[in-house]
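Residue numbers (this note's numbering): 22 to 365.
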């Protein structure tokens, strides 16, 4: 039976067909894979597909975002630690390689891995073993390593920011995910799939009108599939209980990143609004953006209606609602409590 992750590949373009054929070929070789792609192209999805297509599918898939792990915790996250290895290590903890067993360890944004951890990872690839932090026993590391980046690791090697020996080990096989702008014919099918995934149990399911699809095609979509999903979810919220998505339901704000830029936040380093007092980018009071008019809703009122709309969309599932809003669930709970919303 086909694994659900394989059904996530949507589109009939030649680029998508070539990508899938390449993944099938990569799965047959039990060697490291380096996935290259812009922000939001679905690098973890591709990694999961390689895992599911390979003989390691019965093992665990461990996904680690190197950009999201504090430098001092990276080694422990990957290799685990012994009790008392450092302040706060009150118990022995298994790391990603130990949990994965004979499965797959996916290292997203590998370019952000600290130099000292790069050396430990190289040892895993060369010798197939590791030590827990604070331990002395060599432990087997049979898992396959798949890594990903939206940066140029070759340039990082030239700047001495990434080990050349590790780079050559990781890129034994590499695969590039084409951005949406290179496969516009895939956009309608991907949009329909995103719509179906975000309207589970909702009746009626709004339709994607041709006008809405045309408006999507005109959008820069620099964030690729991730930005497309964000636009469609936002349109669903604005459409309310309507039975069709129209151009007016799209966010009026253009893409914050019209073209890829080294100065722009990446998919893993973009700031997450985890401050309960700054959930949304509107001013709460004062400032040039304030409009002294009785008909203008308060910040809290807009925020409350937004949260209610997303909760209706997810049928009250706060975990899914937080994911759709791009915030931690703890932030959602904090804001609901502060706004006096029940069951926070």
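All C-beta atoms, glycine included, are put in the ideal place defined by N, C-alpha and C.
query, result
"Pick from 68, 242, 340, 65 that is closest to residue 205, judged by C-alpha positions", "242"
"Close Cβ partners of residue 145 (< 6 Å) along its chain, the five nearest in sequence each way excluded", "151, 162"
"Check whether residue 165 and residue 75 have beta carbons under 9 Å apart", "yes"
"Length-filtered (3 minimum) beta strand (DSSP E) runs lying within the region 42-107", "54-57, 82-86"
"Short Cβ contact (9 Å threshold) for residue 265 with residue 234", "no"
"Buried or exposed by the 16-neighbour rule on C-beta atoms within 10 Å, applied to residue 139", "buried"
"The ligand FAD heavy atom lying under 8 Å from the CB of residue 209", "With respect to the ligand FAD, the structure offers nothing, as it holds no ligand at all."
"Whole alpha helix (DSSP H) elements within the region 178-211, 4-residue minimum", "185-191"
"Other residues of its chain near residue 186: CB distance less than 8 Å, five sequence neighbours each side excluded", "143"
"For residue 161, the residue or residues it bridges with in DSSP", "150"
"Outcome for residue 118 when other beta-carbon atoms lying within 10 angstroms are tallied against a minimum of 16", "buried"
"Residue 129 in three-state terms, based on DSSP", "strand"
"Cutoff 9 Å: residue 70 Cβ touching any chain C Cβ", "Given the protein chain composition of this structure (a single chain), no chain C is represented."
"Beta-carbon proximity list for residue 102, same chain, < 6 Å, skipping 5 on both sides", "110, 114, 153, 154, 155"
"Identified DSSP bridge partners for residue 242", "Looking at the DSSP assignment, residue 242 forms no beta bridge with any residue, so it has no partner."
"Three-state class that DSSP yields for residue 111 in the structure shown", "coil"
"CB-CB length for residue 131 against residue 53, believed under 8 Å", "Rounded, the Cβ-Cβ distance is 10 Å, inconsistent with contact."
"Reduced DSSP category for residue 228 - H, G, I as helix; E, B as strand; rest coil", "strand"
"Collapsed DSSP secondary structure at residue 169 in the structure displayed", "strand"
"C-beta atoms of residue 68 and residue 125 nearer than 9 Å", "yes"
"DSSP-derived helix/strand/coil call for residue 316", "With a pLDDT of 45 at residue 316, under the threshold of 50, the modelled position of that residue is not reliable, and the figure given next carries that caveat. Coil."
"Residue range of the alpha helix (DSSP H) that includes residue 358", "350-359"
"Length of the line joining the Cα atoms of residue 358 and residue 339", "13 Å"
"Where the alpha helix (DSSP H) through residue 262 begins and ends", "That residue, residue 262, is in no alpha helix (DSSP H); it is neither H nor E in DSSP."
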